[in-house]
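Report on the following structure.
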RNA sequence: GCCGGGGUGGCGGAAUUGGUAGACGCAAGGGACUUAAAAUCCCUCGGAGGAUUUCCUCUGUGCGGGUUCGAGUCCCGCCCCCGGCACCA
């Protein structure tokens, strides 16, 4: 009776052994090539979910594969441990956020261990511990010194549910990214990071990221939103005020027939002063300021405005043009004021029609391109007309000329505008890194001295969910002495956005115990950049831009040489079930623990990698996992049935010509499979096809086994195939393969064995199937020896009965031969 | 509206450089073993039609054109789906 596949015992046994022998622990070794695999570290919510399992399984396969290929592989794990849920738990259940977080981590850790991931646990990073967040504070101070962290009063996004400020990036459809509550606008003084200083580099850096998915690059570009254009000033007639505008279409300046200001523009009130209906206008402005903050797009009918009563001078035409205030102009973008060119901008056109403002055409389509017939609106580049000295130029020609004119006359300049805003990091929460700043009545904003770091979170805080920062209520925290004048002073009570923590954690993994710096630059120099970063695309903008930004800052601080932390990022697809993302409310959550209990970690890992390529959505299928379980069972049973082969030694070699067909076939298949799996894992990251080719290989081994067992060379090759099979499966199903490795008489670990190599001479079959087509349609095929001369193949193809049928009357017009593959006969 | 990605059996998905479309797996159907069930093993499996013993023909990768000896793959024009951004001047 064969031994049953007892995955429970097997998996426990190997996990214990791996842990005891610390086989995943790595140290810097300049003589060995390094490989750094990184997963987006999880938030300790309490339990891991299938998304984690997928993310971590992908990288575990790559890590194990790279190790077997001789790389020194850094595969760390840690915890994104600060954040709202811990604080909510504290408010609701009275558990301290720290306890809640640490308990969750310890549970999740045990779950990860059950999955057999090859983590170097000695490098575990936990952002909610002072040993970590001390360095957040350190980095913050360095940024403060360089003017990269600064205070600014501004209108901020406020989530009434979370009782905190949100970054622009954390507002999705005017709602809080976490709790979906409608976001409000508040005027507050906040800490910002000057990410806009790096806008240009964040954009140009994309050129180095050719191994990133295109959609992520596109999203980031979109988010950074660079526009090239011109800034020009319009002098208000009979006054010394001038209005600054931004345009990307300076070539349309001769068609600028009015100016429009945003209702929030600071000059609005000055411009309407003393005009007719001033009180009405004032009210209108106020109403529309409010309306703009609802964030809704204003439709054509809703486009509204008022005439200020003032005019300004178009610097090119010297005409006086009216100045309007309208609700379709945003204060947040550009200068909050625009030159309106109704003939060549859809919104200006709509507005001009509504208020009967002049529309002057200054651009016509170039060449024979027809103008859009609809309504006389043409928004593309073309040829200039009615444009004084510029008439006749193309838009492309006119733009630089006009900018030159502006600069010469000091009326404006060529400029670049970004959509990207500075990153507001202040959060009125407890469970985050305290911002290391002290406010002194005498000295103003003072940084905490480095020697006083970390500024630790106080423990005497009650969690009631009231408005305001919880830290404000901790006297022991707030009250302090000014480091400069030693007078009474007050600490900053806001904490940092947790995205601060996650912007550099991958540096900390390189030297998690470093005491003098955020990380040891030499160790970081060895490990970084990250060779493969895997995580959900939902972080395409937030985390991945912030992390790139931080890397550049750390570089400018002299701590690293690299410009880009993640040259290769793979955005892993969502895990869904029954057509939607797993969620408690949908009731379609599959619990990893339950699956591990039922099928074992090896099966779970194999399945989650098998049914779809990593970047695509993965639809969980309860029956699909059965298929993978059956496969591992078949492998297990097959090894049990053939273990006898590994006990005895086979007699001396037999000569090549004794190899029977099956032996030759299986040998070819073996080399082909090694090649395919190697490429799929190492080059294409298509783990699903790697698994299917392993399955194919095994199916063929199984089919041929009884024949192979009947003779000595057959037994030899069968043994070899089984050994190779174990190595190929091992990154996916490490426990069962390690067990079978031991059962087949190996004393060292499979994990430490070398990845199998293939020989090209064996990858190619000696006989090939030549496909015969007539007019491109498959009609017949035949076997031929590889590299048979072209003429012979062609005549064989033509002589086939089935081909004759098509060729006979007409005779072939042309015969095309693709070597070792195909003959196409054209009749 | 703009940007990016995609559309292949009942399902998840293969097809890597333009060269046998549907690998691998799931589901389904049939059979073997069994008192029975489970498990396991074998066979069939895009559609239509015809021979029916192994077979033959047509058709088929969102739609319509094109390039080519040959197109899921390349080009042009559409349709639809997903994701992102959106009064961005």
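Numbering (the numbering used here), first residue to last: 155 to 981.
C-beta atoms are modelled at their ideal positions from N, C-alpha and C, and glycine is treated no differently.
Because the structure is a prediction, the values reported are computed rather than measured.
Residue burial classification, residue i (beta-carbon count within 10 angstroms, cutoff 16)
i: residue 949; result: exposed
i: residue 962; result: exposed
i: residue 244; result: buried
i: residue 928; result: buried
i: residue 1006; result: There is simply no residue 1006 to check, as the chain begins at 155 and stops at 981 in what is shown.
i: residue 277; result: buried
i: residue 975; result: exposed
i: residue 584; result: buried
i: residue 181; result: exposed
i: residue 719; result: buried
i: residue 877; result: buried
i: residue 527; result: Bear in mind that a pLDDT of 44 at residue 527, under 50, signals an unreliable position, so the number given afterwards is only what the model happens to contain. Exposed, since its Cβ has fewer than 16 Cβ neighbours within 10 Å.
i: residue 631; result: buried
i: residue 549; result: buried
i: residue 659; result: buried
i: residue 102; result: One cannot answer for residue 102 here, as it falls past the ends of the chain, which runs 155 to 981.
i: residue 830; result: buried
Backbone secondary structure at residue i - three-state DSSP
i: residue 886; result: coil
i: residue 209; result: helix
i: residue 342; result: strand
i: residue 645; result: strand
i: residue 394; result: coil
i: residue 692; result: helix
i: residue 846; result: helix
i: residue 629; result: helix
i: residue 160; result: coil
i: residue 725; result: strand
i: residue 602; result: coil
i: residue 494; result: strand
i: residue 565; result: coil
i: residue 591; result: strand
i: residue 480; result: strand
i: residue 898; result: coil
i: residue 214; result: helix
i: residue 743; result: coil
i: residue 190; result: strand
i: residue 514; result: coil
i: residue 673; result: coil
i: residue 703; result: helix
i: residue 280; result: strand
i: residue 772; result: strand
i: residue 583; result: coil
Supposed close pair residue i, residue j - CB separation, criterion 8 Å
i: residue 687; j: residue 723; result: 5 Å
i: residue 304; j: residue 348; result: 7 Å
i: residue 344; j: residue 578; result: 5 Å
i: residue 300; j: residue 772; result: Not confirmed; about 44 Å, so no contact.
i: residue 465; j: residue 391; result: 5 Å
i: residue 228; j: residue 681; result: 5 Å
i: residue 655; j: residue 290; result: 6 Å
i: residue 490; j: residue 418; result: 7 Å
Touch check for the stretch 913 to 920 and the stretch 816 to 824: three-plus C-beta pairs under 8 Å?
Contact between the stretch 913 to 920 and the stretch 816 to 824 is present: three or more C-beta pairs spanning the two stretches fall below 8 Å.
Below 8 Å, how does it come out for the stretch 616 to 633 and the stretch 594 to 601: are there three or more Cβ pairs, yes or no?
Contact between the stretch 616 to 633 and the stretch 594 to 601 is not established, with fewer than three Cβ pairs separated by less than 8 Å.
Is there contact between the stretch 399 to 417 and the stretch 493 to 509, where contact requires at least three CB pairs shorter than 8 Å?
The stretch 399 to 417 and the stretch 493 to 509 touch, with no fewer than 3 CB-CB distances between them shorter than 8 Å.
At least three beta-carbon pairs within less than 8 Å, the stretch 832 to 849 to the stretch 213 to 227
In the pairwise beta carbon analysis, the stretch 832 to 849 is classified as touching the stretch 213 to 227: at least three pairs are separated by under 8 Å.
Any alpha helix (DSSP H) of 4 or more consecutive residues that is wholly inside the stretch 909 to 947
Those alpha helix (DSSP H) runs which fall completely within the stretch 909 to 947 and span 4+ residues are 914 to 917.
Across the stretch 532 to 550 and the stretch 406 to 417, are there enough close Cβ pairs to call them in contact, namely three or more that are closer than 8 Å?
Taking one beta carbon from each stretch, the stretch 532 to 550 and the stretch 406 to 417 have 3 or more pairs nearer than 8 Å; the two touch.
Contact between the stretch 184 to 202 and the stretch 837 to 854 (3+ Cβ pairs under 8 Å)
Contact between the stretch 184 to 202 and the stretch 837 to 854 is absent, because fewer than three Cβ pairs lie under 8 Å.
Check whether the stretch 247 to 260 and the stretch 198 to 213 touch, using three or more Cβ-Cβ pairs below 8 Å as the test.
Yes, since at least three Cβ pairs between the stretch 247 to 260 and the stretch 198 to 213 fall closer than 8 Å, the two stretches touch.
Would you check if there are 3 or more beta carbon pairs closer than 8 Å linking the stretch 952 to 961 to the stretch 925 to 940?
Touching, yes, given that three or more Cβ pairs across the two stretches are closer than 8 Å.
Contact the stretch 695 to 709 vs the stretch 354 to 368: 3+ CB pairs below 8 Å:
Inter-segment contact for the stretch 695 to 709 and the stretch 354 to 368 is present: three or more beta-carbon pairs are separated by less than 8 Å.
Length at least 4, wholly inside the stretch 358 to 430: the alpha helix (DSSP H) runs in chain order:
The qualifying runs are 368 to 378, 422 to 426.
At least 3 beta-carbon pairs within less than 8 Å: the stretch 744 to 760 vs the stretch 788 to 799
Segment contact: the stretch 744 to 760 against the stretch 788 to 799, fewer than three CB-CB distances shorter than 8 Å; contact not assigned.
Runs of 4 residues minimum, wholly inside the stretch 243 to 277: which ones carry the alpha helix (DSSP H) assignment?
Listed in chain order, the complete alpha helix (DSSP H) runs (minimum 4 residues) inside the stretch 243 to 277 are 251 to 268.
Examine the Cβ distances between the stretch 232 to 239 and the stretch 279 to 289 and report whether three or more of them are shorter than 8 Å.
At 8 Å Cβ cutoff, the stretches touch.
Between the stretch 472 to 486 and the stretch 413 to 426, can you find at least three pairs of beta-carbon atoms closer than 8 Å?
The count of Cβ pairs closer than 8 Å, one atom from the stretch 413 to 426 and one from the stretch 472 to 486, reaches three, so the stretches are in contact.
Contiguous beta strand (DSSP E) assignments of at least 3 residues, all confined to the stretch 282 to 345:
List check, beta strand (DSSP E) in window: 303 to 313, 318 to 320.
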